[in-house]
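S.K.:
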Amino acid sequence: MIKVGHNLKFDIKVLYKYDIDVVEPLYDTMVAHYLINPDMRHNLDTLSESYLNYTPISIESLIGKKGKNQKSMRDIPIEEVTNYASEDADLSFQLKQIFDEGLKSNGVKQIFDDIEIPMIKVLSDMEKEGINIDSKYLNKLDIEFEKELNTLKKEIFNQSGEEFNLNSPKQLGNILFDKLKLVSKPKKTKTGQYSTSEEVLSNLANNHEIIRSILEWRSLDKLQNTYVRSLPNEVSDKTNKIHTRFNQTVTTTGRLSSNNPNLQNIPIRTKNGQKIRKAFIPRNSKFELMAADYSQIELRVIASISKDENMIDAFIKNQDIHTMTASKIYNVDPDEVTREQRGNAKTVNFGIIYGVSAFGLSQQTNLTRSESKLMIDNYFENYPGLKTYMSSQIDYARNKGYVETIMGRRRYLQNINSQNGMLRSGAERNAINAPIQGSAADIIKIAMIRIHNEFQKQSLKSKMLLQVHDELVFDVHNSEKELVKKIVKTTMESAVKLDVPLRIDLEFGKNWLEAH
DNA sequence: GAAGTCACG
DNA sequence: ACGTACGTGACTTCA
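First residue of the first sequence? That's 1 in my numbering, and the numbers climb one at a time after it.
Structure follows, in structure tokens:
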């Protein structure tokens, strides 16, 4: 019997608490509408108004306005709740009839049936599983960070000659640019305030000692507030684990997002950041964490869909793509590519995925704008297939009004024919980026569904816990290490057939940092 | 609630 | 000539 609902993942998780396992087939109208138009809002009230011309009973009329006086559903007479809940079910059922048509006419029925609907149970299971963290360790880290922050704060106030609120960009801007007059023409934000962003401050690092201290204080303060102090508060009393929520209908490209807390932006790039990653641990001593991430998935996707022979060749030969790119654009032997050349090539490769501009590239490198332009021209001469592909994407978007991923997921581009040049070029960058980012999302979702199925089929103790766009994190029982490794590696690498191989890196560890 | 900033892919 | 990298979520300040 098919279960129709709006945001079924929520219902599934509630019912799970009462030991009720909701079995497929499922039909989720929130997910359906996300595929029909990912850019729009997908809440039931809005959809009901725009598709059914009906304004539902508001939740606020039942339990009151948001705030501390808001009642709970428990406090409401059963008759009222019944009325509200049945309307909810009815609306979702009515929307189904409409979205059935929409899914078909938009060509997204298959991705709905084969990817997004199966993902609901995969994500429900990941969320209810949760991940273990070492709160004691984080509390120790808090003390360590606190000491360092105090030292830095004293230095900063000494150097600025007065105390102020370091968290206030406004006050900081006044100190740096009015009082200390670090530059004659400070960069402003769009509201006219002095910009004190990391990007601006880094460029001033040699102008005054205070800058280094501020940058260090900023990054440490961020880590302390967002992770070290917050994560322990997110641990569930019932399970002793952190249960993030994976949003399936938020991004415009098909990626997931994660919140409450966000576990897709746990630090890794800095030394201090890595200390935080160490706090993510297996559930007990019989388990280890295992992380498996796709290597260069977005570049492999663009190589394959653009059919560019040079880029395909590099991936088939399993060469370092950034080194190969540097070798081509600087016209030197791969062995003679310098660190700087490889670094620049890497930036261009990323730029390609985002829809490069000479300006953007010059911002990200130490190249001038004209050097950047030469670099890009040179790039396209060496990867001519990419240039052709990119213009064909833009043409396609202009004609059809949307672009699509390898699995047919669409993104509509309202501004692709706009008279406003800025809006138009923004849409053009989306026309290039969305199919790449979105295809990578399709691929990892397919892998997740198959891995989840296989784990269930074999009744494994090991569990999939997290997805971070191109990475999956597992809690693996010691007795299943080899088996799980094989299932995950094979499934991820064979999720789809491209013109280039898909490769993954996979490691075990006693924490998330070690598994990376 | 918007703006600014910064953590991640 | 003009403003620009793609996609997110969380925290703090300030009007």
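Just so you know, even glycine gets a beta-carbon here, dropped at the ideal spot from N, CA and C.
Buried or exposed for Arg409, please, with buried defined as at least 16 other CB atoms from any protein chain shown within 10 angstroms of its CB.
M.R.: The residue is buried, with at least 16 neighbouring Cβ atoms inside 10 Å.
S.K.: Can you grab the Cα-Cα spacing for the pair Glu371 / Val337, in whole Å?
M.R.: Between Glu371 and Val337, the C-alpha separation is close to 18 Å.
S.K.: Give the single residue among Gly385, Lys346, Gln319 whose Cα lies nearest to the Cα of Met553.
M.R.: One cannot answer for residue 553 here, as it falls past the ends of the chain, which runs 1 to 516.
S.K.: Relative to the C-alpha of Leu299, which residue among Asn284, Asp320, Glu288, Ser285 is closest?
M.R.: Among Asn284, Asp320, Glu288, Ser285, the Cα nearest to that of Leu299 is on Asp320.
S.K.: Do you know offhand how far Arg450's Cα is from Lys3's?
M.R.: Cα to Cα, Arg450 sits roughly 22 Å from Lys3.
S.K.: Tell me, to the nearest whole angstrom, how far the beta carbon of Val496 is from that of Ile432; I am working on the premise that it is less than 8 Å.
M.R.: That belief does not hold up - the Cβ atoms of Val496 and Ile432 are roughly 20 Å apart, past 8 Å.
S.K.: Is the beta carbon of Met311 closer than 9 Å to that of Val488?
M.R.: No, the Cβ-Cβ distance between Val488 and Met311 is not below 9 Å.
S.K.: Use the C-beta contact count for Lys190: other C-beta atoms within 10 angstroms, 16 or more gives buried, fewer gives exposed.
M.R.: Answer is exposed; the Cβ neighbour count stays below 16.
S.K.: Is Leu103 closer than 9 Å to Leu52 when the C-beta atoms are compared?
M.R.: Taking 9 Å as the Cβ cut-off, Leu52 and Leu103 do not qualify as a contacting pair.
S.K.: For the beta strand (DSSP E) containing Ser372, list its first residue and its last residue.
M.R.: Looking at the DSSP string, Ser372 is not in any beta strand (DSSP E); the run it does join, the alpha helix (DSSP H), is 369-382.
S.K.: Check for me: the beta strand (DSSP E) holding Val122 runs from which residue to which?
M.R.: Unbroken run through Val122 is the alpha helix (DSSP H), 117-129; no beta strand (DSSP E).
S.K.: Which of helix, strand or coil does DSSP assign to Lys520?
M.R.: Since the first residue of the chain shown is 1 and the last is 516, residue 520 is not available in this structure.
S.K.: Which of helix, strand or coil does DSSP assign to Met407?
M.R.: In this structure, Met407 counts as coil in the three-state DSSP scheme.
S.K.: Curious, which full-length alpha helix (DSSP H) runs of at least 4 residues does the region 328-357 contain?
M.R.: For the region 328-357, whole alpha helix (DSSP H) runs of length 4 or above, ordered along the chain, are 339-354.
S.K.: So if DSSP puts Tyr402 in a beta bridge, which residue, or which two residues, is it bridged to?
M.R.: Partner(s): Tyr412.
S.K.: Could you pull out every residue in the same chain whose Cβ sits closer than 8 Å to the Cβ of Ile156, ignoring the five residues on either side in sequence?
M.R.: The residues are Leu166, Ile210, Ser213, Ile214, Trp217.
S.K.: Taking Gln264 and Val468 to be in contact with their CB atoms under 8 Å, please state how far apart those CB atoms are, rounded to whole angstroms.
M.R.: Indeed, because the Cβ distance is near 5 Å, the residues count as touching under 8 Å.
S.K.: For Glu288, which of Leu502, Pro38, Ile133 has the nearest alpha-carbon?
M.R.: Nearest of Leu502, Pro38, Ile133 to Glu288, Cα basis: Ile133.
S.K.: So, for Glu80: in the same chain, excluding its five sequence neighbours on each side, which residues have a beta-carbon less than 7 Å away from its beta-carbon?
M.R.: Same-chain partners within the cutoff: Leu62.
S.K.: Taking the alpha-carbon positions, what's the Ser425 to Gln419 distance?
M.R.: Roughly 10 Å separates the two Cα atoms.
S.K.: In whole angstroms, what is the alpha-carbon distance linking Val250 and Asp178?
M.R.: Straight-line Cα distance between these residues: approximately 41 Å.
S.K.: Applying the 10 Å Cβ sphere with the 16-neighbour rule, what's the burial state of Val23?
M.R.: When all chains shown are included, Val23 counts as exposed.
S.K.: At 3 residues or longer, what runs of the beta strand (DSSP E) sit wholly inside the region 227-254?
M.R.: Whole beta strand (DSSP E) segments, 3+ residues: 245-247.
S.K.: Nearest-angstrom Cα distance between Gln224 and Tyr137?
M.R.: For Gln224 and Tyr137, the distance between alpha carbons rounds to 13 Å.
S.K.: Around the C-beta of Ile504, are 16 or more other C-beta atoms found within 10 angstroms, so that it is buried, or is it exposed?
M.R.: Buried, since its Cβ has 16 or more Cβ neighbours within 10 Å.
S.K.: Can you find at least 3 beta carbon pairs, one from the region 116-136 and one from the region 235-247, that sit closer than 8 Å?
M.R.: A contact exists between the region 116-136 and the region 235-247.
S.K.: Tell me whether the beta-carbon of Tyr412 lies closer than 9 Å to the beta-carbon of Gly401.
M.R.: Contact: yes.
S.K.: Beta carbon of Ile111, beta carbon of Met407: below 9 Å?
M.R.: In contact: Ile111 and Met407 (Cβ atoms closer than 9 Å).
S.K.: Evaluate contact between the region 116-125 and the region 183-198, counting only Cβ atoms and requiring at least three cross-stretch pairs below 8 Å.
M.R.: Taking 8 Å as the limit for Cβ pairs, the verdict is that the region 183-198 does not touch the region 116-125.
S.K.: For Ala85, is the classification buried or exposed, using 16 other Cβ atoms within 10 angstroms of its Cβ as the cut-off for buried?
M.R.: Answer is exposed; the Cβ neighbour count stays below 16.
S.K.: Using C-beta distances below 7 Å, list every residue in its chain close to Met324, excluding the 5 sequence neighbours before and after it, in chain order.
M.R.: Ala314, Pro334.
S.K.: Would you kindly check if the distance between the Cβ of Asn430 and the Cβ of Val403 is under 9 Å?
M.R.: In contact: Val403 and Asn430 (Cβ atoms closer than 9 Å).
S.K.: Are Leu220 and Leu176 closer than 9 Å when you measure CB to CB?
M.R.: No; because the gap between Cβ atoms is not below 9 Å, this pair is not in contact.
S.K.: Could you check where the beta strand (DSSP E) with Asn259 kicks off and where it finishes?
M.R.: Start and end: 257-259.
S.K.: Would Gln248 pass as a contact of Met40 if the rule is Cβ separation under 9 Å?
M.R.: In this structure, Met40 does not lie closer than 9 Å to Gln248 by Cβ.
S.K.: So, under 8 Å CB-CB, Ile353 and Ile436 are touching, yes? Tell me the CB distance rounded to an integer number of Å.
M.R.: With a Cβ gap of about 5 Å, Ile353 and Ile436 count as contacting.
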